[in-house]
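Participant: Sending over a structure as structure tokens; questions will come in a sec.
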Amino acid sequence: MAAALIGVSFGGEACSVKLGREGKKSLEGSVAMFVVCTLVGMLVFAEVHLREYAVVVSALVATLTELYEPFHLNDNLTIPLFSSLALAWGFARTVRCMD
Numbered sequence: 016m017a018a019a020l021i022g023v024s025f026g027g028e029a030c031s032v033k034l035g036r037e038g039k040k041s042l043e044g045s046v047a048m049f050v051v052c053t054l055v056g057m058l059v060f061a062e063v064h065l066r067e068y069a070v071v072v073s074a075l076v077a078t079l080t081e082l083y084e085p086f087h088l089n090d091n092l093t094i095p096l097f098s099s100l101a102l103a104w105g106f107a108r109t110v111r112c113m114d
């Protein structure tokens, strides 16, 4: 939602770079998506030790999934699926590092 709001409001004005498969995504919207995903992840996992790695990786995966729309599926399905897999992978790596 934040990516759409920022992208529609400011997309193309500050930077004329268009992203995605069809060139419909703005750089501003993609940055907003990454920032909001990172901030929400940090808040949700505030009590988790070494959360930064998993949250940033998951936010990056969510942003790239939204940007490139893999398999031409609805992003309401692919973003939660891929970002949760990235979050699980990131937390599994941090647990291994703590052992």
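Read in order, the letters of the sequence shown are residues 16 to 114 in the numbering used here.
For glycine and all other residues, C-beta sits at the position ideal for the given N, C-alpha and C.
Note that the structure is a prediction, hence the values are computed from the model and not measured.
Within this structure, are the beta carbons of A77 and I94 separated by less than 8 Å?
Facilitator: Cβ atoms of A77 and I94: closer than 8 Å.
Participant: Residues in the same chain with beta-carbon distance under 7 Å from S45, minus the five sequence neighbours each way, listed in chain order, please.
Facilitator: Excluding residues within five positions, the ones whose Cβ falls inside 7 Å are A18, L34, T78 and L82.
Participant: Out of curiosity, what's the CA-to-CA distance linking L102 and E67?
Facilitator: The alpha-carbon atoms of L102 and E67 are separated by roughly 11 Å.
Participant: Within a Cβ cutoff of 6 Å, which residues of the same chain sit near F49, ignoring the five residues on either side of it in sequence?
Facilitator: Only A74 and T78 meet the Cβ criterion.
Participant: Can you give me the Cβ contacts of G105 inside the same chain, cut-off strictly under 7 Å, excluding the 5 residues immediately before and after it?
Facilitator: So the qualifying residues of the chain are Y68, A69, V72 and S73.
Participant: Do T109 and S98 count as a contact pair if the criterion is CB distance below 8 Å?
Facilitator: Cβ atoms of S98 and T109: not closer than 8 Å.
Participant: Please name the residue, chosen from E84, L92 and L88, that lies closest to K39 on a Cα-to-Cα basis.
Facilitator: When each option's Cα is compared against that of K39, the closest is E84.
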